[in-house]
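Participant: Mapping to the numbering used here: the sequence shown position 126 is 131, numbers consecutive.
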Amino acid sequence: MWNQSKDNIYVAGHRGLSSRFPENTLPSFQAALEAGLDMIELDVRMTKDDVLVVMHDDTVDRTTDGSGLIRSMTLEQVKALDAGIKFSEKFRGVRVPSLREFMELVKDAPQDFLIDFELKEYPVDGNEERAFRTADMVIAMAEEYGYGPRCVFNAFSAELLQYIFEKYNGK
């Protein structure tokens, strides 16, 4: 689908191929890989039981058949939700992926394939420890899979980005 020179532009799938598939789901990410995109951007949050999941919003309301804050739900509760039905009946039964499921999906991607992790836990209003722990867990998992050099970490928090920069020596 996409053909380009590596000397010019990188094309990223925002939440996968979210114009055609439910955002931040394995089918959306698989489609982005199959389209030959250079990068996938995904959003990472932490459940009540400290499991990293892929979800943009702080609640499951907009993209699933459930309601509530991700931080107040266990992985089991999040996994019980349908993350495809609101996009289209065709995607009924698609689940919210854990970050580990995403990592497994992309493990056979080309070595120059990039991953943009948007960290959605911010160090505000007593959430500092959770935000920093989430960042550390995402980075540790990226290193575990050998993805470190292929990763971008972004957030709408200068404090969180500064934490990452200082702790990981600008790497």
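Using N, Cα and C, we set each Cβ at its ideal position, and we do this for glycine too.
Computed from a predicted structure; not experimentally measured.
For Phe-107, collect the residues of the same chain with a Cβ closer than 8 Å to its Cβ; drop the 5 residues on either side in sequence, then sort them by chain order.
Facilitator: Excluding sequence neighbours, Phe-107 sits near Leu-31, Phe-34, Leu-47, Val-59.
Participant: From what residue to what residue does the alpha helix (DSSP H) around Ile-144 run?
Facilitator: Per DSSP, Ile-144 belongs to the alpha helix (DSSP H) from 133-149.
Participant: Are Asp-54 and Thr-69 close, meaning C-beta to C-beta below 8 Å?
Facilitator: Not a contact, by the Cβ cut-off of 8 Å.
Participant: Comparing alpha-carbon positions, which option in Leu-124, Arg-97, Lys-84, Gln-116 lies nearest Ser-162?
Facilitator: Ser-162 has its Cα closest to that of Leu-124, out of Leu-124, Arg-97, Lys-84, Gln-116.
Participant: Return the chain-ordered list of same chain residues with a C-beta closer than 7 Å to the C-beta of Tyr-152, the five sequence neighbours on each side being excluded.
Facilitator: The residues are Ile-120.
Participant: Which stretch, first to last residue, makes up the beta strand (DSSP E) that contains Val-157?
Facilitator: Val-157 -> beta strand (DSSP E) spans 156-159.
Participant: Is Ser-162 helix, strand or coil by DSSP?
Facilitator: Three-state result, Ser-162: coil.
Participant: According to DSSP, simplified to helix, strand and coil, what is Arg-97?
Facilitator: In the structure shown, Arg-97 sits in coil (DSSP, three-state: anything other than H, G, I, E or B).
Participant: In terms of residues, what are the limits of the alpha helix (DSSP H) holding Val-83?
Facilitator: That run of the alpha helix (DSSP H) goes 80-84.
Participant: Which word fits Glu-134, buried or exposed, when buried means at least 16 other C-beta atoms lie within 10 angstroms of its C-beta?
Facilitator: So Glu-134 counts as exposed.
Participant: Just confirm the distance between the C-beta atoms of Arg-223 and Ala-36, as a whole number of angstroms; I'd bet it's less than 8 Å.
Facilitator: No information on residue 223 is available, as it lies outside the stretch 6 to 176 that the chain covers here.
Participant: Which residues does DSSP pair with Gly-18 in a beta bridge?
Facilitator: Paired residue(s): Ile-45.
Participant: Can Pro-27 and Phe-122 be called in contact, C-beta distance under 8 Å?
Facilitator: For Pro-27 and Phe-122, no; Cβs fall outside 8 Å.
Participant: Give me the DSSP bridge partner(s) of Arg-50.
Facilitator: Looking at the DSSP assignment, Arg-50 forms a beta bridge with Val-58.
Participant: What residue range does the beta strand (DSSP E) around Phe-122 cover?
Facilitator: That run of the beta strand (DSSP E) goes 119-124.
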